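Colleague: I'd like to ask some things about the structure below.
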Amino acid sequence: MDSINSELLENWANPSSSYRLGRSAKKALDGARGYVASFINAQFDQVVFTSGATEAINSAISSAIQSAPSKKHIITSCVEHSATLAYCEYLESAHGYEITRLPVSLDGLINLDQLNAAFRKDTAVVSLIWANNETGVVWPMSEIVKLCKMLKIPLHVDAVQAVGKMAVDFHSLGADFLSLSGHKIGAVKGSGALIVREPDSFVPMLYGGRQERGLRGGTECLPLFVALGEAFRTCSEHYLSRWEEIRNLRDAFEAKIVSLIAGASIHGKNSPRLPNTTSLHLPGIDSDAAVTYLDQKGICVSSGSACLESAITPSHVIYAMTQSHEIASETLRISLGLNTKEEELNKLISNLLDLRDVYS
Ligand code: PLP
642 MDSINSELLE NWANPSSSYR LGRSAKKALD GARGYVASFI NAQFDQVVFT SGATEAINSA
702 ISSAIQSAPS KKHIITSCVE HSATLAYCEY LESAHGYEIT RLPVSLDGLI NLDQLNAAFR
762 KDTAVVSLIW ANNETGVVWP MSEIVKLCKM LKIPLHVDAV QAVGKMAVDF HSLGADFLSL
822 SGHKIGAVKG SGALIVREPD SFVPMLYGGR QERGLRGGTE CLPLFVALGE AFRTCSEHYL
882 SRWEEIRNLR DAFEAKIVSL IAGASIHGKN SPRLPNTTSL HLPGIDSDAA VTYLDQKGIC
942 VSSGSACLES AITPSHVIYA MTQSHEIASE TLRISLGLNT KEEELNKLIS NLLDLRDVYS
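Counting from 1, position 303 in the sequence shown corresponds to residue 944 in my numbering; the numbering is continuous, with no gaps.
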């Protein structure tokens, strides 16, 4: 907040202006870019600030397909965020792209043989989520990168949930594009970045001025991007170890729920997962009703992705894992924060027990 205030009040000039205040704004923007780059081990010039991950994801896919206009096939998965799914649907219906949406197992994993089999001569880009926003299931991205590299097919990684909660090293990963979102790392909603391996061959989505070294036209929103940089600056390895403490809290919570509520289970429990996410199947309990009930008790949980919440359809991610609309509509997604306390989880458990009694 302090960084936003000071940017709004003091550093209000346009970072592209050559007068002194403009140069000072540019310095702040460069500083922010440096913090983002160093946190994920990318180069300074590979970071393009965006309005969030939706823009970053659309821009990555758009750049890849425009670089190879004769290729009309895209590979993604059934469990992507709507930022990927909706853009692919648009490309399919309006521009004749063929989209392969890879299925997932009951554990929420993709099958690398199926990915291998999906590659075609006309595959323009692969776009896959690294850590799922609803289940926290983490995919073996280095393996995926190797497969794409063998066939020289560009890979975009949606790393929105991964960044800040697990080690992310853009350089060693070797992906072509990586998207991140500010509000998942304590920055402001509406900020994010696209990390581009080869900025020189990037095809922009927004044409305009030479901002972002010509990769994204339009005057940068300095306060948001400086706050994004600050959020990364204040994260350290120490920060990742704090998430591991949250993992212990989460695991203990899950064990209690499974022992107290007959039939309850955790989606993706046997897969590598982020430390903070729980996707809970509570048989017989309608998740939308549970969300409303818990909201009245001051507890915020969701039944799927926040971005799809108004749609009142059961989670597409849980459906892809279980092939069951019923299970999908009985699933709650719970995200722990770095400040989540055991008492808060106990309060949630006792409310879930009350709910179970209402439904039984
Ligand atoms: N991808 C994932 C996995 C997300 O969880 C989100 C948002 O929560 C997005 C993409 C979209 O990010 P944004 O809201 O910054 O556009």
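C-beta atoms are modelled at their ideal positions from N, C-alpha and C, and glycine is treated no differently.
As the structure is a prediction and not an experimental result, all values here were calculated from the model.
From Leu977, Ala834 and Gly859, pick the residue whose C-alpha is nearest to that of His797; which is it?
Modeller: Of Leu977, Ala834 and Gly859, the residue nearest in Cα terms is Ala834.
Colleague: With DSSP as the reference, label Gly833 as helix, strand or coil.
Modeller: strand
Colleague: Alpha helix (DSSP H) containing Thr725: first to last residue?
Modeller: Ser723 to His736
Colleague: Taking only the alpha-carbon atoms, compute the straight-line gap between Val932 and Arg891 and give it to the nearest angstrom.
Modeller: Cα-Cα distance, rounded: 19 Å.
Colleague: How would you label Leu994, buried or exposed, when you count the other beta carbons within 10 angstroms and need 16 or more for buried?
Modeller: exposed
Colleague: Is DSSP giving Asp841 helix, strand or coil here?
Modeller: Helix.
Colleague: What residues match up with Leu690 in a beta bridge as DSSP calls it?
Modeller: The sequence given here places Phe at residue 690; Leu does not occur at that position. According to DSSP, Phe690 bridges with Ala834.
Colleague: With a threshold of 16 other CB atoms inside 10 Å of the CB of Lys762, please say whether the residue is buried or exposed.
Modeller: exposed
Colleague: Less than 6 Å between C-beta atoms, sequence neighbours within five positions excluded: which residues of the same chain meet that for Ala705?
Modeller: Excluding positions up to five away in sequence, the list reads Ala765, Val766 and Pro795.
Colleague: Within the region 912-990, note down every full alpha helix (DSSP H) run reaching 4 residues or more, in order along the chain.
Modeller: For the region 912-990, whole alpha helix (DSSP H) runs of length 4 or above, ordered along the chain, are 928-937, 957-963 and 966-969.
Colleague: Among the residues of its own chain, which have a CB less than 6 Å from the CB of Gly693, if the five just before and after it don't count?
Modeller: Ser822, Gly831 and Gly833
Colleague: Is the beta carbon of Tyr676 sitting closer than 8 Å to the one on Gly859?
Modeller: A distance of 8 Å or more separates the beta carbons of Tyr676 and Gly859.
Colleague: Identify every run of the alpha helix (DSSP H) within the region 749-781, keeping only runs that are complete inside it and at least 4 residues long; order them along the chain.
Modeller: 753-759
Colleague: Start and end of the alpha helix (DSSP H) containing Val798?
Modeller: Here Val798 belongs to no alpha helix (DSSP H); instead the beta strand (DSSP E) covers Leu796 to Asp799.
Colleague: Any idea which residues DSSP pairs Met807 with across the strands?
Modeller: Partner(s): Val804.
Colleague: Tell me whether Thr919, by its Cβ, gets closer than 7 Å to a heavy atom of the ligand PLP.
Modeller: no
Colleague: Which partner residues of Leu819 appear in the DSSP bridge assignment?
Modeller: Val798 and Ile836
Colleague: Please list the terminal residues of the continuous beta strand (DSSP E) segment that includes Arg742.
Modeller: Glu739 to Leu743
Colleague: Cα separation between Gly855 and Tyr848?
Modeller: 8 Å
Colleague: Identify, in the order they occur along the chain, each residue of the same chain with its Cβ nearer than 7 Å to the Cβ of Trp771, setting aside the five sequence neighbours on each side.
Modeller: Val779, Trp780, Met782, Val798, Asp799, Ala800 and Ala803
Colleague: Can you tell me which of the three DSSP states His714 falls into?
Modeller: strand
Colleague: Rounded to a whole number of angstroms, what is the C-alpha to C-alpha distance between Phe866 and Phe690?
Modeller: 7 Å
Colleague: Whole angstroms are fine: how far does the CA of Ala868 sit from the CA of Leu662?
Modeller: 19 Å
Colleague: Does DSSP classify Ile593 as helix, strand or coil?
Modeller: There is simply no residue 593 to check, as the chain begins at 642 and stops at 1001 in what is shown.
Colleague: Going by C-alpha to C-alpha distance, which of Ile887, Ala669, Ser679 and Asn699 sits closest to Leu986?
Modeller: Ile887
Colleague: Are there any heavy atoms of the ligand PLP lying less than 7 Å away from the beta-carbon of Ile698, as far as the coordinates show?
Modeller: The answer is yes for Ile698.
Colleague: Check the C-beta distance from Val844 over to Ser956 and give it rounded, since I have them as a contact under 8 Å.
Modeller: Rounded, the Cβ-Cβ distance is 33 Å, inconsistent with contact.
Colleague: Between which residues of its own chain and Ala808 is the CB-CB distance below 8 Å, once the five residues before and five after are set aside?
Modeller: Leu881
Colleague: Identify whether Ile902 lies in helix, strand or coil by the three-state DSSP scheme.
Modeller: coil
Colleague: Have a look at Gly909, Lys712 and Leu923 and flag the residue whose alpha-carbon is nearest the alpha-carbon of Ile902.
Modeller: Comparing alpha-carbon positions, the option among Gly909, Lys712 and Leu923 lying closest to Ile902 turns out to be Leu923.
Colleague: Assuming Glu971 and Gly925 form a contact by the criterion Cβ under 8 Å, report the distance between their Cβ atoms to the nearest whole angstrom.
Modeller: The Cβ separation is near 7 Å, so the contact holds.
Colleague: Using the beta-carbon count (16 or more within 10 Å), is Gln937 buried or exposed?
Modeller: exposed
Colleague: Need the endpoints of the alpha helix (DSSP H) that Ala654 sits in, please.
Modeller: Ala654 -> no alpha helix (DSSP H), and no H or E assigned at all.
Colleague: To the nearest whole angstrom, what separates the beta carbons of Ser718 and Met846, a pair I think is in contact under 8 Å?
Modeller: So it is not a contact: roughly 22 Å between Cβ atoms.
Colleague: Could you tell me how far apart the beta carbons of Asn699 and Ala724 are, in whole angstroms, since I believe they sit closer than 8 Å?
Modeller: 7 Å
Colleague: When every heavy atom of the ligand PLP is checked, does at least one fall within less than 7 Å of the C-beta of Ser822?
Modeller: yes
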